[in-house]
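Colleague:
Numbering (the numbering used here), first residue to last: 187 to 543.
1) Under DSSP, the beta strand (DSSP E) around residue 499 begins and ends at which residues?
2) Out of 512, 304, 372, which one is the CA nearest neighbour of residue 223?
3) By DSSP, does residue 451 sit in helix, in strand, or in coil?
4) Measure the C-alpha to C-alpha separation of residue 379 and residue 488 and round it to an integer number of angstroms.
5) List the whole-angstrom C-beta distance separating residue 227 from residue 294, where the pair is believed to meet the contact cut-off of C-beta under 8 Å.
6) Mapping the DSSP letters down to three states, classify residue 593 as helix, strand or coil.
7) How would you write the range of the beta strand (DSSP E) that residue 275 sits in, first residue to last?
8) Per DSSP, which residues does residue 504 bridge with? Please list them.
9) Could you tell me how far apart the beta carbons of residue 225 and residue 258 are, in whole angstroms, since I believe they sit closer than 8 Å?
10) Name the residue from 354, 264, 347 whose alpha carbon lies nearest to the alpha carbon of residue 330.
11) Answer yes or no: do residue 507 and residue 482 have a C-beta to C-beta separation smaller than 8 Å?
12) Could you please give me the residues that DSSP links to residue 221 through a beta bridge?
13) Using the beta-carbon count (16 or more within 10 Å), is residue 418 buried or exposed?
14) Which word fits residue 292, buried or exposed, when buried means at least 16 other C-beta atoms lie within 10 angstroms of its C-beta?
15) Assuming residue 434 contacts residue 374 (C-beta within less than 8 Å), just tell me the rounded distance between them.
16) For the candidate residues 504, 261, 325, whose alpha-carbon lies nearest to that of residue 312?
17) Can you give the Cα-Cα distance for residue 414 and residue 408, rounded to whole angstroms?
18) Kindly indicate the opening and closing residues of the alpha helix (DSSP H) around residue 250.
19) Among residues of its own chain, excluding the 5 on either side of residue 202, which ones have a beta-carbon nearer than 7 Å to its beta-carbon?
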């Protein structure tokens, strides 16, 4: 599949920085590929994008996104196939979610041709940055922010769309110790929890840091009304294997509809694993652990893919889960997802967008 009808002006770097990258020792989010895609919204329309060297942008101190939080983003990954092609995983789903977030934050919808054709041309230019190393990928960060030079609470009239990328290894280097959050709230009904808005993440930093100081990697968020039901885990959706069933909170206005989440559930169904998307009570998790029925727990997300949870802290008690090597369901799904993303398994659901070089 290819799209090449949009002519995108391109300014290339005079010298690539790829020599700075050790493909066998990639830190997450520390070194960025040579180029970025930029498109501005002005005079009521998205303008033709440009590709330029990755670098700083000049902004007014009055840039409205800095004051009122009108900013959204996405996360996606590209992989290198054995044949040398670049494989993007479910990019149109990322665009769909970006535009859902845009609608919630009063940002103009981004056209598909700018997103897809811009991505393709950017990745062709920076193809050497896609790691060939197993377990690694090129992380891609599209985002949009308000750019009016104006101090006043109203939707901006001008916006900027940017895409940059960075080669990454594993987001988490070890199984996670997580804690169920009984007080702080990530999102409430009627809020923007389902949008991938920058402010959602900024507001989560303080309670997450408090738990990290106690030795836990992430939180498991609970509902804002009663703190009785599980919602998300840190920056991920969360799943449990209880009595042979894959159980996860149903998406709602307070829970981000994860693309990795949807992929994991589909693969589980393909394998004949029972799946339940519903309310999951904190008490159910505690009781299932005590009964020996809670066999696996893990987070799902673009950055983390599948992040195994080793311990869940609840009401002053650590609930330790079975060893990772015995987790048949999550290990099987993770392996199949990896094979699909890298072109080693049949793509039954047309999730892969191939860029042939």
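Heads up, the beta-carbon is just placed ideally off N, CA and C, and yes, glycines get one too.
Modeller: Per the coordinate set shown:
1) One-based indexing of the chain shown puts residue 499 at position 313. First-last of the beta strand (DSSP E) with residue 499: 491 to 500.
2) In the chain shown, counting from the first residue as 1, residue 223 sits at position 37. Closest by alpha carbon: 304.
3) What you label residue 451 is simply residue 265 of the chain shown in a count that begins at 1. Reduced to three states, the DSSP call for residue 451 is helix.
4) Sequence index remark: in the chain shown, residue 379 carries index 193 (1-based). Sequence index remark: in the chain shown, residue 488 carries index 302 (1-based). About 17 Å.
5) Taking the first residue of the chain shown as 1, we reach residue 227 at position 41. Taking the first residue of the chain shown as 1, we reach residue 294 at position 108. Going by Cβ atoms, the distance from residue 227 to residue 294 rounds to 5 Å, so yes, they are a contact pair.
6) Only positions 187 to 543 of the chain appear in this structure, which leaves residue 593 out of reach.
7) Taking the chain shown and counting its residues from 1, one reaches residue 275 at position 89. Unbroken beta strand (DSSP E) run through residue 275: 272 to 275.
8) Residue mapping note: residue 504 aligns to position 318 of the chain shown, counting from 1. Per DSSP, 499.
9) Here the question's residue 225 lines up with position 39 in the chain shown. Here the question's residue 258 lines up with position 72 in the chain shown. Between residue 225 and residue 258 the beta-carbon gap is near 14 Å, outside 8 Å, which marks them as no contact.
10) The residue you call residue 330 lines up with position 144 of the chain shown. Considering only alpha carbons, the answer is 347.
11) Mapped onto the chain shown, residue 507 falls at position 321. Mapped onto the chain shown, residue 482 falls at position 296. In this structure, residue 482 lies closer than 8 Å to residue 507 by Cβ.
12) As a first step, residue 221 is located in the chain shown; it is residue number 35 there, counting from the start. BP columns for residue 221 point to 239.
13) The residue you call residue 418 lines up with position 232 of the chain shown. So residue 418 ends up on the buried side.
14) For this step, residue 292 is matched to residue 106 along the chain shown. Classification of residue 292: exposed, given that the 10 Å Cβ count is below 16.
15) Working through the chain shown from its first residue, we reach residue 434 at position 248. Working through the chain shown from its first residue, we reach residue 374 at position 188. Rounded to the nearest angstrom, the Cβ distance from residue 434 to residue 374 is 20 Å, too far for a contact under 8 Å.
16) Residue numbering aside, residue 312 sits at position 126 when the chain shown is read from its first letter. Cα-wise, what sits closest to residue 312 is 325.
17) Position 228 of the chain shown, counted from the first residue, corresponds to residue 414. Position 222 of the chain shown, counted from the first residue, corresponds to residue 408. Taking the straight line joining both Cα atoms gives about 6 Å.
18) Counting from 1 along the chain shown, the entry for residue 250 is found at position 64. 250 to 254 is the span of the alpha helix (DSSP H), which, as asked, contains residue 250.
19) For the purposes of this step, residue 202 is taken as the residue at position 16 of the chain shown. 220, listed in sequence order.
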